[in-house]
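For the sequence shown, the working numbering gives the first residue as 9, with consecutive numbering after it. Ideal placement from N, C-alpha and C gives every residue a C-beta, glycine not left out. Values in this document were obtained by computation on a predicted structure and should not be read as measured data. Quick notes on the structure that follows.
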Amino acid sequence: MSSRQRNIESRPEPQERKPRRLQLDGTEKTPGSNRNGFGGYFFGNTGNLVKTNLVGLVRKSLSDKVGGDRWRLSGTAGRKALTLISGVLCVSLSSCAAITEPFRQSQAQQTPIAPSPVAPTPGTPRAALPSVSDPNFVVAAVQKVGPAVVRINASRTVRRQLPEAFEDPLFRRFFGVPEAQPRERIVRGTGSGFIISANGQILTNAHVVNGADRVSVTLKDGRTLEGKVLGEDPVTDIAVIQVQSNNLPVVEIGNSDELQPGEWVIAIGNPLGLDNTVTAGIVSATDRSASDIGVTDKRIGFIQTDAAINPGNSGGPLLNSRGEVIGMNTAIIQGAQGLGFSIPINAVQRISKQLIATGSVQHPYLGVQMVTLTPEIRQQLEVESQGQIQIPAESGVLVVRVVPNSPAAAAGIRSGDVIQSINNQPVSKTDQVQQIVEQSSVGTQVSVQVQRNGKTAQLSVKLANLPVQRES
């Protein structure tokens, strides 16, 4: 790629207004994702706003019959073209790196900040490590955890499908077709991981190993072991690998629920193939929702940090000042400085236990596409439909589309309904709906209160297991 092309790709597009994001409670993906052969997300021009036109989607949603009558409009239904979203902010949901990925230098150096002591949580045991007032606390934490951080090597065979005629030498010579290229090629990628048991169980991101034919693990001491994927969950981006070995070094697990913004954190991984790279920063925020960072196909809250996370860090540990793992590094926002995201270790443990026990994870779902109802959304709906669409509800979660043959469709939820509560728990944001549903179990009945045409309706929905489309 020429330098001119790189400059064009890195040039930010003008952002005229704040994007509206739709939360997907189904199997759809966020548009604009830049994926590799393993379903990982690489550096690309994903930091810009990727324009997405929802006019057709909303037009179809408002006109289709879903479990009952159409969404009633005031006046003629001649114009239903709406624009709910001006753009979608996409992130590189991972920082895993391909071996062919070019080296990219950071554009700015961060000025170190003098560490300040963090008040301990009462009753929380502390490891025998220096406090953050000691300038060597990072060194101590890295020496403690470093041997248990590994590099994940994944490879996948990609096969080309060509018509049989192209294999005929006479056909190729007659039409001037070049000599046939190999039908198969090997695509390789790398990521990071950390050992959680001495008998060889390793945690990493699902996108690091997704679709891989072969997985190997390289330890800090130089040994390379063949790995087997025990299970992966693309909904939360967590996977477990097993290697055949004993007496391996293991990490110490912390408690991500106790994290507070401003605490020091340390990231260890293999960015861009540079093994055992250490970066440090602080917790910028906790409990960032998937919709906050534009990955609405993920069901997980994130730790935001300004510790440098780059391609290849995916699956590596995020440590607190005591050297305890409190997160799994997984995401970056392309084109931004100091915006990295990690999966809280408490969620990682919950998912990994299910993967180790059964090889898969069940996620209950409703089957709706929804957006948080705000005064701006209500006004935009009314103006752009020239008064044909009016929503009396002041707040709640607007159902934009109902997935066919989903639990929501079976229960009679319709496009245009405004969800007010689930199981008597008021909801005003899309993330609250997903959290309540995720905390339920597959097969259970949930009571959903919606406002429809100015009237309140109570519906019972039997939750089903979320169908997951894996990368081919």
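Nearest to residue i (by Cα), restricted to the options the options
i, options, result
"Leu211", "Ile353, Asn413, Ile397, Val243", "Ile353"
"Glu260", "Gly270, Pro400, Ser329, Val333", "Val333"
"Ser297", "Gly331, Val411, Gln440", "Gln440"
"Thr438", "Gln428, Val405, Asn337, Arg422", "Val405"
"Thr226", "Gly199, Thr382, Glu402, Asn213", "Gly199"
"Leu381", "Asp221, Gln453, Ser360, Ile399", "Ile399"
"Thr287", "Thr313, Ser414, Gln252, Arg330", "Thr313"
"Thr452", "Thr464, Asn431, Gln466, Ala465", "Asn431"
"Glu234", "Ile364, Ile160, Pro242", "Ile160"
"Gly262", "Ile385, Ala355, Gln342", "Ala355"
"Gly277", "Leu178, Val243, Ser322", "Ser322"
"Asn213", "Ile385, Met336, Leu178, Val147", "Met336"
"His215", "Gln466, Gly320, Val150", "Gly320"
"Val153", "Leu389, Lys228, Leu178", "Lys228"
"Ile351", "Asp245, Pro143, Asp142", "Asp245"
"Thr285", "Ser468, Val146, Val379, Asp142", "Val146"
"Ile341", "Leu363, Val303, Ile364", "Val303"
"Ser448", "Asn413, Val379, Ala401, Tyr373", "Tyr373"
Contacts around residue i, its chain only, beta-carbon distance under 7 Å, and the 5 residues preceding and following it disregarded
i, result
"Arg193", "Val166"
"Val237", "Val217, Val223, Ala247, Ile249"
"Ala206", "Asn254, Asn255, Leu256, Val258"
"Asp283", "Arg159"
"Thr293", "Going by the sequence as given, residue 293 is Ala instead of Thr. Pro269, Gln312."
"Glu390", "Ile397, Gln398"
Environment of residue i [buried if 16+ CB atoms lie within 10 Å]
i, result
"Glu240", "buried"
"Gly55", "Because Gly55 sits at a pLDDT of 30, beneath the cut-off of 50, its placement in the model cannot be relied upon, and the following sentence gives the value as read from the coordinates. Classification for Gly55: buried."
"Pro325", "buried"
"Gln250", "buried"
"Lys470", "exposed"
"Pro268", "Per the sequence shown, residue 268 should be read as Gln rather than Pro. It counts as exposed."
"Gln428", "buried"
"Pro415", "buried"
"Ser368", "exposed"
"Lys361", "exposed"
"Gly462", "exposed"
"Thr464", "exposed"
"Val96", "Unreliable placement is indicated for Val96, whose pLDDT of 29 sits below 50; no coordinate value is reported for it."
"Ser299", "buried"
"Arg386", "buried"
"Leu363", "buried"
Contacts around residue i, its chain only, beta-carbon distance under 6 Å, and the 5 residues preceding and following it disregarded
i, result
"Ala425", "At residue 425 the sequence reads Asp, which differs from the Ala that was named. Contacts found: Val407, Val458, Arg460."
"Asp295", "Gly309"
"Gln370", "Val450, Asn473"
"Gly346", "Asp314"
Integer-rounded CB distance, given that residue j should sit under 8 Å from residue i
i, j, result
"Phe202", "Ala156", "5 Å"
"Ile444", "Gln433", "6 Å"
"Ala220", "Ser163", "6 Å"
"Ile311", "Ala339", "Their Cβ separation, rounded to whole angstroms, is 10 Å, which puts Ile311 and Ala339 out of contact at 8 Å."
"Arg358", "Glu446", "Going by Cβ atoms, the distance from Arg358 to Glu446 rounds to 11 Å, so no, they are not a contact pair."
"Ser436", "Ser403", "5 Å"
"Ala419", "Leu467", "5 Å"
Sequence-distant residues of its chain with Cβ nearer than 8 Å to residue i (five each side left out)
i, result
"Ala315", "Val273, Ile274, Ala275, Thr287, Ala288, Gly289, Ile290, Leu326, Gly348"
"Glu271", "Val126, Ile290, Val291, Asn328, Ser329"
"Thr366", "Gly239"
"Gln252", "Gly208, Leu233, Glu234"
Interface flag, residue i vs chain B, CB-CB below 8 Å
i, result
"Ser429", "In the displayed structure, chain B is absent; only one protein chain is listed."
Inset, instruction - Run through the region 404-429 for me and flag every whole alpha helix (DSSP H) of 4 or more residues, listed as ranges in chain order. - result: 415-419
Inset, instruction - Ignoring anything shorter than 4 residues or poking outside the region 203-236, list the alpha helix (DSSP H) runs there in chain order. - result: 214-217
Inset, instruction - Please go through the region 253-319 and give each complete alpha helix (DSSP H) segment of 4 or more residues, from N-terminal end onward. - result: 298-301
Legend entry - alpha helix (DSSP H) runs wholly inside the region 344-393, at least 4 long, in chain order: Correct list: 353-366, 383-392.
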